[in-house]
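Visitor: Have a look at this one before I ask anything.
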Amino acid sequence: MVGRDSPEVRFDGSRENRIGLVEAILADVKSPRQISEALEQAEQLTGRALVTRMSREQFGALSAKYRDRIDYDPISRTGFLGVVPDPLAELRVAILTGGTGDVPVAREATRTLTFHGVGTIELNDVGVAGLWRLMEHRATIEHMSVLIVCAGMEGALFSVVGGLTSGVVLAVPVSSGYGVASGGRVALNSALASCAPGIVVVNIDNGYGAACAAIRILAACDGLVTARSVTSGPQLTL
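In structure tokens form, the structure reads like this:
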């Protein structure tokens with residue numbers, strides 16, 4: 004199911020039914036008119052919409068029809084239109100940042116998960132330069148099914164977290180570094196070269212992509228638990 008014919012926009016209204024994820028409206032490559040067209044189609048087809056990478060200027064340029072109804076967060080540059088489901092009581096995903104400069108990317112992940120009804124907790128400014136800050140949250144970290152770790156500079160936090168927990172670690176390199184670490188390339192290479200086995204890496208600054216990966220992982224785990232329960236009785240909860 005796609006949106007009504009438009010010269011430039013065709014919203015995929017059946018994506019959530021197919022893969023469990025709504026189609027996000029990526030704003031930074033669209034004009035205000037194109038964003039409004041996508042919002043109109045999304046609302047008609049699904050009743051709600053998630054907008055990502057929308058600047059304050061783009062948000063301000065929207066018509067009052069949408070501007071007055073969108074829950075806009077300037078830190079993450081995300082917007083919600085329509086009803087957002089209440090998150091499940093159980094917190095299953097932790098979002099960690101190495102430094103305060105990584106928060107916008109982490110908040111994009113948090114907001115994406117919130118839009119999909121996934122309970123989260125943010126643990127900010129827990130980088131390895133002050134390792135005690137991370138260790139204060141060790142019990143929480145060990146309890147989480149998925150951990151989204153956002154870090155710039157040298158990206159050491161990815162490996163440290165990967166060595167502390169059995170949960171799935173999703174590394175998000177952040178372009179918050181400077182000098183040789185500028186643009187997030189060093190953090191990306193650090194994540195790819197990590198000696199902590201099993202770390203999964205997404206693109207630089209891609210908090211949205213990490214959140215989508217987390218949703219897929221949780222859905223797969225839930226499906227596995229259900230299948231095991233049906234076939235062989237009570238099983239260890241993942």
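Going by the working numbering, the sequence shown opens with residue 4, and the numbers climb by one from there.
Just so you know, even glycine gets a beta-carbon here, dropped at the ideal spot from N, CA and C.
Around the Cβ of Leu126, are there at least 16 other Cβ atoms within 10 angstroms (buried) or fewer (exposed)?
Guide: buried
Visitor: I'd like to confirm the pairing. Which residues does DSSP put opposite Ile124 in its beta bridges?
Guide: Ala97
Visitor: DSSP has Val54 in a bridge; who is on the other side?
Guide: Ile28, Gly82
Visitor: Please determine, among Thr168, Val152, Phe62, Asp74, the residue with the shortest C-alpha to C-alpha distance to Val177.
Guide: Val152
Visitor: So, under 8 angstroms CB-CB, Leu150 and Thr168 are touching, yes? Tell me the CB distance rounded to an integer number of Å.
Guide: Rounded, the Cβ-Cβ distance is 6 angstroms, consistent with contact.
Visitor: List in chain order: all unbroken alpha helix (DSSP H) runs of 4+ residues lying wholly within the segment 151-192.
Guide: 159-165
Visitor: According to the Cβ coordinates, are Gly50 and Glu93 closer than 8 angstroms?
Guide: no
Visitor: In the DSSP output, what is Val203 paired with across the bridge?
Guide: Leu173
Visitor: Rounded to whole angstroms, what's the CA-CA distance from Glu26 to Gly212? Just pull it up for me.
Guide: 12 angstroms
Visitor: So, with DSSP's three-state summary, where would you put Gly16?
Guide: Correct three-state label for Gly16: coil.
Visitor: Smallest Cα separation from Ala142: which of Leu221, Ala154, Val164?
Guide: Val164
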